[in-house]
Amino acid sequence: WRVAAMLDQWQTLFGMPDRAEKLELIRALLTHGANVNARTTKPLPRSFGEGFTGSTPFIIATGSGDVEVMRLLLEHGADPNIRSARGWTAIMAGCSGNADSSTIVTEEQRVEAVKAAVAAGIDVENADDNGYRAMHVAAQSGFHSLIRLLLANGAELSPVTKDRTERSPKTGTIVLNGLTPLGTVDGTFFGGAGLTERQTTAAFLRSIGAKPGKPNLER
Numbered sequence: 001w002r003v004a005a006m007l008d009q010w011q012t013l014f015g016m017p018d019r020a021e022k023l024e025l026i027r028a029l030l031t032h033g034a035n036v037n038a039r040t041t042k043p044l045p046r047s048f049g050e051g052f053t054g055s056t057p058f059i060i061a062t063g064s065g066d067v068e069v070m071r072l073l074l075e076h077g078a079d080p081n082i083r084s085a086r087g088w089t090a091i092m093a094g095c096s097g098n099a100d101s102s103t104i105v106t107e108e109q110r111v112e113a114v115k116a117a118v119a120a121g122i123d124v125e126n127a128d129d130n131g132y133r134a135m136h137v138a139a140q141s142g143f144h145s146l147i148r149l150l151l152a153n154g155a156e157l158s159p160v161t162k163d164r165t166e167r168s169p170k171t172g173t174i175v176l177n178g179l180t181p182l183g184t185v186d187g188t189f190f191g192g193a194g195l196t197e198r199q200t201t202a203a204f205l206r207s208i209g210a211k212p213g214k215p216n217l218e219r
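If you're matching positions, the sequence shown starts at 1 in the working numbering and goes up one per residue.
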């Protein structure tokens, strides 16, 4: 019973369980003057990630794979091209997750959400403040269907992020060369605590012609 009680507590993070009531509440808020393009001022639950800080409802709906809410927001004047504080687009939000544990929002739901975001006029090649694009996010998340969808909509397979430097506790400085999507999943260190290795995704990217990035060096 303790496990069940804990799950009930965590359910609040996933929104209203009654779908019809949820949509009715959104409509009521918009009808009574709620700002359809309001942006979050505090971090969202940890499962959303840092890229969602400063997100609009449309970005959050896309990241939640909720096409119905996305369309409802668009009907009420949502601007799909507003970005998060870090420069994330709604498409990047839709590609963000973890293929190994994504059960609440499935990859199929994410694919439909990204299709809707593309149809709303968002460019799949837009980059965030560090030069990461949706292709990088999809690769890090391990979503192969999203990678194929992005390619089908004109995304570059091996775009490179911006170069930057970070402090290293060992040698002083780490030079972080620009990363390709393959570079984000082949075990390359890419800053902070970031070391992502997805062997299956790396093999998939290589099989369709993706290019690796340059190794990062400590100085």
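Glycine is no exception: its CB is placed at the ideal position from the N, C-alpha and C atoms. Model, not experiment: these values are computed from the prediction.
- Query: Smallest Cα separation from L179: which of K211, R206, N153 and A155?
  - Reply: K211
- Just the Cα atoms here: how many angstroms apart are D18 and L29? 17 Å
- Message: Once DSSP output is grouped into helix, strand and coil, what is the label at R39?
- Response: coil
- Closest Cα partner of L74 within the set D123, I147 and A61: A61
- Using a Cβ-Cβ distance under 7 Å, would V67 count as near chain B? No chain B is present in this structure, which holds just one protein chain.
- Task: Determine the contact status of F48 and A99, defining contact as a CB-CB distance below 7 Å.
- Result: no
- Query: A117 bridges to which residues according to DSSP?
  - Reply: DSSP lists no partner for A117.
- Exposure label - G165; buried when at least 16 CB within 10 Å: In the sequence as presented, Gly is not what sits at residue 165; that position holds Thr. By the neighbour-count rule (16 or more Cβ atoms within 10 Å), T165 is not buried but exposed.
- So is S101 buried or exposed if we call it buried at 16+ other beta carbons inside 10 Å? exposed
- Query: Ends of the alpha helix (DSSP H) at F204?
  - Reply: Q199 to S207
- Message: Can you find the residues in the same chain that come closer than 7 Å, C-beta to C-beta, to G209, ignoring five residues on each side of it along the sequence?
- Response: L157
- Nonlocal neighbours in the same chain, by C-beta distance under 7 Å from G232, ignoring five residues either side: Any question about residue 232 goes unanswered here, given that the chain covers just 1 to 219.
- Secondary structure at V175, three-state DSSP: helix, strand or coil? strand
- Among V36, G65 and R198, nearest to V105 - alpha-carbon criterion: G65
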